[in-house]
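Numbering (the numbering used here), first residue to last: 1321 to 1672.
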DNA sequence: AAAACGTGGTT
DNA sequence: TAACCAAGTTT
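So, in structure tokens, the structure goes:
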């Protein structure tokens, strides 16, 4: 770590001071901060905008108010609380992390980065985040917001995903957080600044607490920094799901594999195929051999795939397959479902 | 090192 | 509208 300059100290003080006056009111921002809330909110916030989590966090906490309650919950119940949020591995990791906190740390969320890093789903960012925000320790954090803010402040036209760039950013973050009076306010301030002022496009530089010290602004290049990230390859997947109700109105559902996309979540009987839509024969097989009727189609976008879903209806088979079960609407609402299946099974398109 | 992993907001 | 990207981690 390099020695902080006068400019570094001024930047750290400006951003921490700005945050104290301009923090948004989120349910995990209690006074004082609750380390369990930090654990849960950080898991939810990975790659997800804070405004979206604001509605889901209180519901989750209502269901699992303490580390202990989360540790003793069924994994399916935790996953169910995650329905529609995506990256479902975060929920499994959070659940396991809570169990480890109970088993190995007497139910107290650890405050040091070393211990935090041992917990599943907690990497360098999250460990630093919990240590600094919940415990006010001078630990650096670098998330997408911090990358953008720091590269702009330095006017550094560097590829943000390169190892050398990341190394430099972590060092700058460390220098700055160690020169801040409140590491918590500085780190949260960096992210808040990136989320509300120093936005990816059309940043509000005139409202920025470090506008006089920002090299990108000085050069008028805040719109070009950071360079865009390379985007992942997209695959097209065709999926057919069959809605099957028995006489009592229950629906036939099955559990997905424990690995890969939507691991361990529930769905209507579904086939997927890469190149072209699944054959009618194949769909009838998963429908239990009865005649099928096409209901509707829709697209679903994920980070690496475009799904073309076709939804069918079929009469109930005389006998369900071993891996399938019948479930009432109420039961289905309490299961872990990915967005497309919420739509298929519950008629919930996510808009409400 | 690169790919997998979800879903929705913003411009 | 179609990019672009969000409080990243794991394999």
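All residues carry an ideal CB built from backbone N, CA and C; glycine is no exception.
Worksheet item: Based on the DSSP output, what are the partners of residue 1586 in its beta bridges?
Response: 1575, 1657
- Task: Tell me where the alpha helix (DSSP H) around residue 1450 begins and ends.
- Result: Note, residue 1450: premise wrong, no alpha helix (DSSP H); not H, not E.
- Give the DSSP-derived three-state secondary structure of residue 1366 in the structure shown. coil
> Distance, Cα to Cα, residue 1631 vs residue 1642?
Replying inline: 22 angstroms
Item checked: Selection from 1516, 1458, 1512, 1612 that minimises the alpha carbon distance to residue 1500 -> 1458
Check the C-beta distance from residue 1439 over to residue 1454 and give it rounded, since I have them as a contact under 8 angstroms. 14 angstroms between Cβ atoms; not a contact.
*asked:* What ranges does the beta strand (DSSP E) occupy inside the stretch 1460-1520, keeping only unbroken runs of at least 3 residues that lie completely in it?
replied: none
- Residue nearest to residue 1545 in terms of C-alpha spacing, selected from 1481, 1372, 1634: 1481
Just how far apart, CA to CA, sit residue 1560 and residue 1407?
22 angstroms
Between 1403, 1488, 1334, 1322, which has its C-alpha nearest residue 1659's C-alpha?
1403
Enclosing alpha helix (DSSP H) for residue 1615 [first to last residue]
No alpha helix (DSSP H) holds residue 1615; the beta strand (DSSP E) holding it covers 1612-1621.
| message | Less than 6 angstroms between C-beta atoms, sequence neighbours within five positions excluded: which residues of the same chain meet that for residue 1614? | response | 1632
If you drop the 5 nearest sequence neighbours on each side, which residues of the same chain put their C-beta closer than 7 angstroms to that of residue 1539?
1475
Q: Return helix, strand or coil for residue 1568, following the three-state DSSP convention.
A: coil
> In whole angstroms, what separates the C-alpha of residue 1401 from that of residue 1583?
Replying inline: 15 angstroms
Identify which residue in 1666, 1346, 1557 has its Cα closest to the Cα of residue 1372. 1346
Within the same chain, show all residues whose beta-carbon is closer than 8 angstroms to that of residue 1324, passing over the 5 residues directly before and after it, in chain order. 1332, 1495, 1496, 1498, 1499
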